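Structural data, given as structure tokens:
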């Protein structure tokens with residue numbers, strides 16, 4: 810498959826796990842020309858029961874900040890900026906549970922990525938914190954499309970398109 814037209818997808822999967830009392834969720838990454846093309850990759854990354862596995866939300870990523878996000882089999886040069894996924898958590902007064910915000914940021918390293926993400930935390934939150942931080946390149950699936958790397962190119966882009974729906978993929 811050619812790298813042209815491939816997009817990065819950040820996906821919120823939902824489903825059951827034998828030891829959980831409620832539905833559980835995880836954020837995983839897929840690569841394809843459409844969200845449907847990522848379903849086999851997403852199934853492989855799920856840790857729970859396959860029956861009832863579904864998408865709750867996904868981001869189609871064309872660019873972040875002033876950078877186009879492109880995928881290539883070529884390894885990015887050392888010292889280049891990297892794309893990071895940051896899962897922020899925090900608490901809203903009077904609400905049960907932890908609120909989350911999922912961000913993509915471009916940074917030179919994880920310390921800068923955390924700083925940039927926390928600066929964007931909700932002002933209504935008390936005790937905002939980082940629940941997870943990953944360099945996206947290290948999270949790309951290793952499958953039929955595997956072996957791809959994130960490349961950040963300066964230029965105009967379509968940004969991040971977020972969609973939410975309940976789509977069973979089991």
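Residue numbers (our numbering): 810 to 979. Cβ coordinates follow ideal geometry from the N, Cα and C atoms, glycine included. Source: prediction; values computed, not measured.
Quick one: Cα of residue 843 to Cα of residue 906, how far? Translated into positions along the chain shown, residue 843 becomes position 34. Translated into positions along the chain shown, residue 906 becomes position 97. For residue 843 and residue 906, the distance between alpha carbons rounds to 33 Å.
Looking at the structure shown, is residue 847 part of a helix, part of a strand, or coil, going by DSSP? Numbered from its first residue, the chain shown carries residue 847 at position 38. In the displayed model, residue 847 falls within a helix according to three-state DSSP.
Option in 910, 925, 899 with minimal Cα separation from residue 916: Here residue 916 refers to the residue found at position 107 when the chain shown is read from its first residue. Looking from the CA of residue 916, the closest CA among 910, 925, 899 belongs to 925.
Excluding the five sequence neighbours on either side, which residues of its own chain have a C-beta within less than 6 Å of the C-beta of residue 826, listed in chain order? Residue numbering aside, residue 826 sits at position 17 when the chain shown is read from its first letter. A distance below 6 Å between beta-carbons, with the five flanking residues on each side excluded, links residue 826 to the following residues of its chain, in chain order: 833, 857.
Proximity of residue 893 and residue 945 at Cβ, strictly below 8 Å: As a working mapping, residue 893 is identified with position 84 in the chain shown. As a working mapping, residue 945 is identified with position 136 in the chain shown. Residue 893 is a Cβ neighbour of residue 945, given a cutoff of 8 Å.
What are the start and end residues of each continuous alpha helix (DSSP H) run of 4 or more residues lying completely inside the region 846 to 893, in chain order? If you keep only unbroken alpha helix (DSSP H) runs of at least 4 residues inside the region 846 to 893, you get 848 to 854.
Round the Cβ separation of residue 870 and residue 816 to the nearest angstrom and send it over; I've been treating them as touching at under 8 Å. Counted from its first residue, the chain shown places residue 870 at position 61. Counted from its first residue, the chain shown places residue 816 at position 7. Yes, residue 870 and residue 816 are in contact; Cβ-Cβ is about 7 Å, under 8 Å.
Measuring alpha carbon to alpha carbon, tell me which residue in 960, 845, 899 is nearest residue 888. As a first step, residue 888 must be located in the chain shown, where it is residue number 79. Taking only the C-alpha atoms, the option nearest residue 888 is 960.
Under 8 Å by Cβ, that's how I've got residue 899 and residue 966 pegged, so tell me the actual separation to the nearest angstrom. Along the chain shown, one-based indexing puts residue 899 at 90. Along the chain shown, one-based indexing puts residue 966 at 157. The pair is not a contact, with the Cβ atoms about 29 Å apart (cut-off 8 Å).
Closest Cα partner of residue 863 within the set 947, 932, 821: Residue numbering aside, residue 863 sits at position 54 when the chain shown is read from its first letter. Checking every option, the nearest Cα to that of residue 863 belongs to 821.
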